[in-house]
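Student: If you're matching positions, the sequence shown starts at 1 in full-length UniProt numbering and goes up one per residue.
Where a beta carbon is used, it is the ideal one built from N, C-alpha and C, also for glycine.
Small disclaimer: the values here were computed from a predicted structure and weren't measured.
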Amino acid sequence: MFVGYLRLGCMARDKGQIYDASDWFKEALRFNNEHPDAWSLLGNLHLAKMEWGPGQKKFERVLKNPVTSNDAYSLIALGNVWLQTLHQPTRDKEREKRHQERALAMYKQVLRNDPRNIWAANGIGKIPFVVNEADGHIVVHAQSMAEQGSQCLLKCLSDTDVLVLLNQEHWVSRNCELEK
1 MFVGYLRLGC MARDKGQIYD ASDWFKEALR FNNEHPDAWS LLGNLHLAKM
51 EWGPGQKKFE RVLKNPVTSN DAYSLIALGN VWLQTLHQPT RDKEREKRHQ
101 ERALAMYKQV LRNDPRNIWA ANGIGKIPFV VNEADGHIVV HAQSMAEQGS
151 QCLLKCLSDT DVLVLLNQEH WVSRNCELEK
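1. With burial defined as no fewer than 16 other Cβ atoms inside 10 Å of the residue's Cβ, what is the status of residue 71: buried or exposed?
2. Excluding sequence positions up to five away, which residues of its chain have a Cβ less than 7 Å from the Cβ of residue 83?
3. Pull up the distance between the alpha-carbon of residue 34 and that of residue 62, whole angstroms please.
4. Taking its Cβ as the centre, do 16 or more other Cβ atoms sit within 10 Å of residue 19, making it buried, or is it exposed?
5. From which residue to which residue does the alpha helix (DSSP H) around residue 109 run?
6. Would you say residue 74 and residue 60 are within 9 Å of each other, going by their C-beta atoms?
7. Less than 9 Å between the beta carbons of residue 43 and residue 64, yes or no?
8. Using a threshold of 9 Å, state whether the C-beta atoms of residue 6 and residue 37 are closer than that.
9. DSSP three-state label for residue 135, please.
10. Taking 9 Å as the threshold (beta carbon to beta carbon), is residue 52 in contact with chain C?
11. What is the rounded straight-line gap between the Cα of residue 52 and the Cα of residue 79?
12. Taking just the CA atoms, how far does residue 92 sit from residue 68?
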């Protein structure tokens, strides 16, 4: 029954019937008031309407539950909320820095739990770009590429097929040099 309400809410949402979707999600919460999916779906409805505060509260609600305190989806959504506030023009540089640090903290917490989470890594890469620090954006990606290259090399060195192919390419390149 609970899942049915979530499905009906998603169908209403997909038809653009935001208020009906909200009612269905709230109905699902009557059966299980702590279910993270229902709270996340409600939070997403608010974010779709650019209602950052109410959306933020829904995801924070998920994280306050000890069972879902490290929920990657909610942490990334909160990081995105803090990141989105950087798009709003403000002259308060201290506030911008604080929001930037909060977004970074959310994404880092996800990566501590799952180092391969592409959404969190992408969020970290977007932070300098959003605050118009293109150099910082390039540095973040260069560091990430170097780390990924190292991980790939460690994995490839134990794969005999890769080593055979590398050896063949090395031999071909040496022969080409000798023929010149």
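Tutor: The short version:
1. When all chains shown are included, residue 71 counts as buried.
2. Answer for residue 83: 103, 123, 126, 127, 130, listed in chain order.
3. Rounded to whole angstroms, the gap between the alpha carbons of residue 34 and residue 62 is 7 Å.
4. Residue 19 comes out exposed.
5. Per DSSP, residue 109 belongs to the alpha helix (DSSP H) from 93-113.
6. Taking 9 Å as the Cβ cut-off, residue 74 and residue 60 qualify as a contacting pair.
7. In this structure, residue 64 does not lie closer than 9 Å to residue 43 by Cβ.
8. Cβ atoms of residue 6 and residue 37: closer than 9 Å.
9. The pLDDT assigned to residue 135 is 47, lower than 50, so where the model puts this residue is not dependable; a value taken from the coordinates is nonetheless given after this. In the structure shown, residue 135 sits in a helix (DSSP, three-state: H, G or I).
10. Within the model displayed, chain C is absent; a lone protein chain is all it includes.
11. Going by the C-alpha atoms only, they are around 12 Å apart.
12. Take the alpha-carbon of residue 68 and the one of residue 92: they are about 34 Å apart.
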